[in-house]
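Residue numbers (the numbering used here), protein chains in the order written: chain C, 5 to 505; chain H, 5 to 505. Report on one structure; see the data block that follows.
Number of protein chains: 2
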Amino acid sequence: MLRLVPLAAGWLLPVGPAVPRLSPARAWPLPYSGFLPGRAAAGSAGGGWRPVLKTPKGTRDHPPAHTVLRDRLLAAVVTCFKRHGAAAIDTPVLELRETLMGKYGEEAKLIYELQDQGGELLALRYDLTVPFARYLAMNKITNMKRYHIAKVYRRDNPATTRGRYREFYQCDFDIAGQFDPMIPDAECLKIVHEILSDLQLGDFVIKVNDRRILNGIFAVCGIPESKFITTCCTVDKLDKVPWEEVRSEMVGEKGLSPEAADHIGEYVQLHGGLELIEQLLQDPKLSQNKLAKEGLGDMKLLFEYLTLFGITGKISFDLSLARGLDYYTGVIFEAVLLQQENEHVEEPVSVGSVAGGGRYDGLVGMFDPKGRKVPCVGVSIGIERIFSILEQRMKASGEKVRTTETQVLVATPHKHLLAARLKLISELWGAGIKAEMLYKKDPKLLKQLQYCEDTGIPLAAIVGEQELADGVVKLRDVATRVEVDIPREKLVDEIRRRLEP
Amino acid sequence: MLRLVPLAAGWLLPVGPAVPRLSPARAWPLPYSGFLPGRAAAGSAGGGWRPVLKTPKGTRDHPPAHTVLRDRLLAAVVTCFKRHGAAAIDTPVLELRETLMGKYGEEAKLIYELQDQGGELLALRYDLTVPFARYLAMNKITNMKRYHIAKVYRRDNPATTRGRYREFYQCDFDIAGQFDPMIPDAECLKIVHEILSDLQLGDFVIKVNDRRILNGIFAVCGIPESKFITTCCTVDKLDKVPWEEVRSEMVGEKGLSPEAADHIGEYVQLHGGLELIEQLLQDPKLSQNKLAKEGLGDMKLLFEYLTLFGITGKISFDLSLARGLDYYTGVIFEAVLLQQENEHVEEPVSVGSVAGGGRYDGLVGMFDPKGRKVPCVGVSIGIERIFSILEQRMKASGEKVRTTETQVLVATPHKHLLAARLKLISELWGAGIKAEMLYKKDPKLLKQLQYCEDTGIPLAAIVGEQELADGVVKLRDVATRVEVDIPREKLVDEIRRRLEP
């Protein structure tokens, strides 16, 4: 369960106003061997050169409030992955160009390539799945349950308001190995269900299909094998555009006959549960196709396992689901959040995919010199999308989040007590207490207390000359403003006691 | 404090042997639109094409055991950064090329640049300091205490055995703002002291110097200002090569007079504490130089604060310390681990730098259109180096680390009980228990128990037909092999009780 602690604190970290001081840099000859045009003029207001202050297109900085929220989100996802016994790995952001090429089909054009600076031809990873397959083959690992949370890169058209960036986190959980059918596949769906429930994102549905079923459909509709993939790509658009548009792309661009397209349309617009599986298993044409039969048989098994997990209520066997990537070979799935636009609308509106995955049994074999296969199934949680939703929700609610965890501000009530502050804060750090002080020789007490309120620090430990003479520290509760003298040797224990949850 | 839990478990995660099954991929037409030469032959043993199975030069994968160790290391560092009240930010791996150019001096040649694929000219970040300065200027932030832990990229000659890679983590803590002298600087040194002490890496020393003192020395030795930076670079080599070599580079390559070089040599070979600062403040020439005097005055103040922190025992004012990067303007420092080669050697041997940093008061101004400065001081923890040391220590000790956190294996003693396992494991996951099961319909009990021992799972929850009939679960302690029947409704509580620390 993810909980946000609302606090009356600012989003960015202010540190009390500063006393002006001659910066050492002013007296120092400019140490920069700048080779930007007009560098020397950069320091003067009238200079011709102006630095371009931005992050690359489709990327963004994460300020502290984002980072706190994102760290909590990632922690919730990791907790789930660990609950299912996964180990973590990490791979480089850079891969050999040839490792990535030939794995993504049409999407390969979105791969970022590095300049040839003398050496290997490199690219930025496009997802975490291909690097995982490369890792398995390289280390001759034939079974492994791993998670990997890291950034990936796509030269896509960013749609940043909907949480779509060129640099974004992926949170992947995959099970590699030769196992009995549908057991690991069911666990992947269970994981999606657990994470979306834990995060309390509202109602959702997990669409499930199988590439073998789609393929079987194409076959019985008379599509030649050479057009399976491209037809699959067109079907994949059904979640965004109506059937009529998909149909006209099939007939116009992809060159299918109108009859074949209509026939496909009869199948891919179906969705349901176990009863639909049974119905298709009885379908006179589909039941004759080996691939479709295998896929439908496994789908039935999957529903059996999901029933035991108690999650079929959120699962929809949806024949329009195709998934963009080339490497899937069996079960595919995608979770979408549903949003009741208002209570009177009956059909919930989809607000987009927040998790997806499937089975890819051929990918590891592409890296093995002898083509040895390691069957894999995995899921990727769309953390950026979820983050956008939570962020919007936070903004709408006016909730604010503490960006630091400081427990105590060490303060002094009058001048010439910097040494006393430095000694006391050092004692607190030594005891593991999270403590700050203002970086001024003689800050005003009011400024120090204001800093506590601005940043949500709950306690202030105040030492003046009287306290030093008496061997005590004045401990102030920032919220209630109550102050109590605590013997110095008991201060750490008292702070710990006060901060107990 | 970092503790490793030794366990008799393998480094990689084995999942019990598998029952062969026809992979769905075999019946599926190859879905890859590969455009690598000979791709079609990749699946067959006799094909001409062989995949290159490697990570790019100077990079590496982190298998689970590495990742666990590294995550603990990073957690220890983050704990310290949070203890000092820092907020976290994140910035993109990609920066505009022009953001990085002109900031690193000679080292700029090591920056990875991206191919021009139509759009902005991009590069991979070289450190976290320049992106931080860009972030401050872009958001007009004039004070902030932040940490940032992320990967950076340098096309350096990798020395992987010494923990030097082309992709590596940096752990940075920085304080930006106009404050009273040396208070934030002293905190940065305190942080290095705390982290190196907490990690129990053995004895260390933190060398401290100031660019203003070095500059003052160059000035009184008659070096023209235009040669300050290049002379600084040469001095920086003193930790690796003897003075004679540094001297001959000064005279030969850099064109200093032999007298000037000798004069510099008298200064830069000095190291000590407060008494050395006092001595130099009395130095007839240096005391006449404004920059040196300012630097020495601040150094004295710094030592005063470090005395209050109780850490001067590990601090050495070392005039040979120069630091490679151009952007430093004041205090600079570097922590090195010392290793007693054997007890009879009196002088400890340095095993390399594990942290470094300094003051850079001009960098933010380089990004501000009006050149407005934001003084900054910061420290970077050399986590890769520390990781290498810990890794070697682990290998030497034969210690092994658990790579998963699974608490319970759900097992069955005989056939046809997959449904019982799926139901039970679902209950455990629902209660937040970390649980696994083998992905087989009918695994042998011995294999299941062996999996517990191989991966360090402490408990097995066994359900057979008798247990189902009796409404109990047999809970087995894997280490002692003791089994007890627990009523099903009390199982979760009993597991929690057993796993209490």
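Backbone N, C-alpha and C define an ideal beta-carbon position, used for all residues, glycine too. Since we're looking at a predicted model, the values are computed, not measured.
In chain H, what lies closer than 8 Å to residue i by C-beta?
i                : result
Glu124 (chain C) : Pro60 and Lys61
Thr416 (chain C) : Chain H residues near Thr416 (chain C): none, gap ~13 Å exceeds 8 Å.
Tyr309 (chain C) : Leu426
Opposite residue i in the DSSP bridges: which residues?
i                : result
Leu118 (chain C) : H:Leu118
Cys175 (chain H) : H:Ile153 and H:Ile385
Pro491 (chain C) : C:Val476
Ala415 (chain H) : H:Ile466
Glu263 (chain H) : DSSP output for Glu263 (chain H) lists no bridge partner at all.
Ser357 (chain C) : C:Val340
Gly276 (chain C) : C:Phe321
Cys380 (chain C) : C:Ala180
Would you call residue i buried or exposed, if buried means 16 or more other Cβ atoms sit within 10 Å of its Cβ?
i                : result
Asp94 (chain C)  : buried
Glu347 (chain C) : The predicted model places Glu347 (chain C) with a pLDDT of 46, which falls under 50 and marks its position as unreliable, so this point remains unresolved.
Asp446 (chain H) : exposed
Asp214 (chain H) : buried
Gln121 (chain C) : exposed
Val196 (chain H) : buried
Val19 (chain H)  : A caution first: Val19 (chain H) carries a pLDDT of 32, below 50, which makes its placement in the model unreliable, though a value can still be read off. Buried: at least 16 other Cβ atoms inside 10 Å.
Classify residue i as helix, strand or coil using the three-state DSSP reduction.
i                : result
Ser201 (chain C) : helix
His437 (chain H) : According to the sequence displayed, residue 437 (chain H) carries Ile and not His. Looking at Ile437 (chain H) - three-state DSSP - the assignment turns out to be coil, as it is neither helix nor strand.
Val250 (chain H) : helix
Gly109 (chain H) : helix
Ile319 (chain H) : strand
Lys211 (chain H) : strand
Ser401 (chain C) : helix
Met370 (chain C) : helix
Asp131 (chain C) : coil
His66 (chain C)  : strand
Gly256 (chain H) : helix
Leu300 (chain C) : helix
Val9 (chain H)   : Confidence at Val9 (chain H) is low in this model, with a pLDDT of 38, below 50, so its placement is unreliable and no value can be given for it.
Asp365 (chain H) : coil
Val496 (chain H) : helix
Glu504 (chain C) : coil
Could you pull out every residue in the same chain whose Cβ sits closer than 7 Å to the Cβ of residue i, ignoring the five residues on either side in sequence?
i                : result
Lys478 (chain C) : Ile466, Glu471, Glu487 and Asp489
Pro417 (chain H) : Leu449, Ile466 and Gly468
Arg492 (chain C) : Gly475, Val476 and Val477
Met186 (chain C) : Asp302, Leu305, Leu306 and Tyr309
Ser291 (chain C) : Leu285 and Lys297
Lys241 (chain C) : Val250
Arg4 (chain C)   : One cannot answer for residue 4 (chain C) here, as it falls past the ends of chain C, which runs 5 to 505.
Closer than 8 Å by beta-carbon distance: list the chain A residues that pair up with residue i, in chain order.
i               : result
His66 (chain H) : Protein chains in the displayed structure are C and H, and chain A is not among them.
Give every residue of the same chain whose Cβ lies closer than 8 Å to the Cβ of residue i, excluding the five residues on either side of it in the sequence, and list them in chain order.
i                : result
Val239 (chain C) : Leu218, Val250, Ile268, Val272, Ser324 and Ala326
Leu104 (chain H) : Ala112, Ile115, Ala127, Arg129, Tyr130 and Val134
Lys61 (chain C)  : Pro162 and Arg170
Could you list which residues in chain H have their beta carbon closer than 9 Å to that of residue i, in chain order?
i                : result
Glu116 (chain C) : It should be noted that the sequence gives Tyr, not Glu, for residue 116 (chain C). Leu98, Leu118, Gln119, Gln121 and Leu126, listed in chain order.
Phe313 (chain C) : Leu426, Lys427, Ile429, Ser430 and Trp433
Ala264 (chain C) : Those within 9 Å of Ala264 (chain C) in chain H number zero; the least Cβ separation is about 18 Å.
Mind pulling the chain C residues with CB within less than 8 Å of residue i?
i                : result
Ala141 (chain H) : Pro55 and Leu57
Glu171 (chain H) : Pro96, Val97 and Leu98
Arg87 (chain H)  : Trp433, Gly436, Ile437, Lys438 and Ala439
Enumerate in chain order the residues of its own chain whose CB-to-CB distance from residue i is below 6 Å, with the five nearest sequence positions on each side excluded.
i                : result
Phe85 (chain C)  : Tyr151 and Phe177
Thr146 (chain C) : Val378
Ile221 (chain C) : Tyr271
Ala91 (chain C)  : Arg150
Leu40 (chain C)  : Because Leu40 (chain C) carries a pLDDT of 34, less than 50, the predicted location of this residue cannot be relied on, and no value is offered for it.
Ala223 (chain C) : Asn293
Met254 (chain C) : Thr238, Leu260 and Ala265
Asp330 (chain H) : Gly109
Leu278 (chain H) : Phe307
Which chain C residues sit within Cβ distance under 9 Å of residue i?
i                : result
Met187 (chain H) : According to the sequence displayed, residue 187 (chain H) carries Ile and not Met. Correct list: Leu422, Leu426, Met441, Leu442, Tyr443, Lys444 and Lys445.
Is residue i near the ligand MN, in the sense that its beta carbon is under 7 Å from a heavy atom of that ligand?
i                : result
Ile227 (chain C) : Absence of the ligand MN is noted for the structure shown, with no ligands found whatsoever.
So which residues on chain H does residue i lean against when the C-beta distance must stay under 7 Å?
i                : result
Thr407 (chain C) : Ala91
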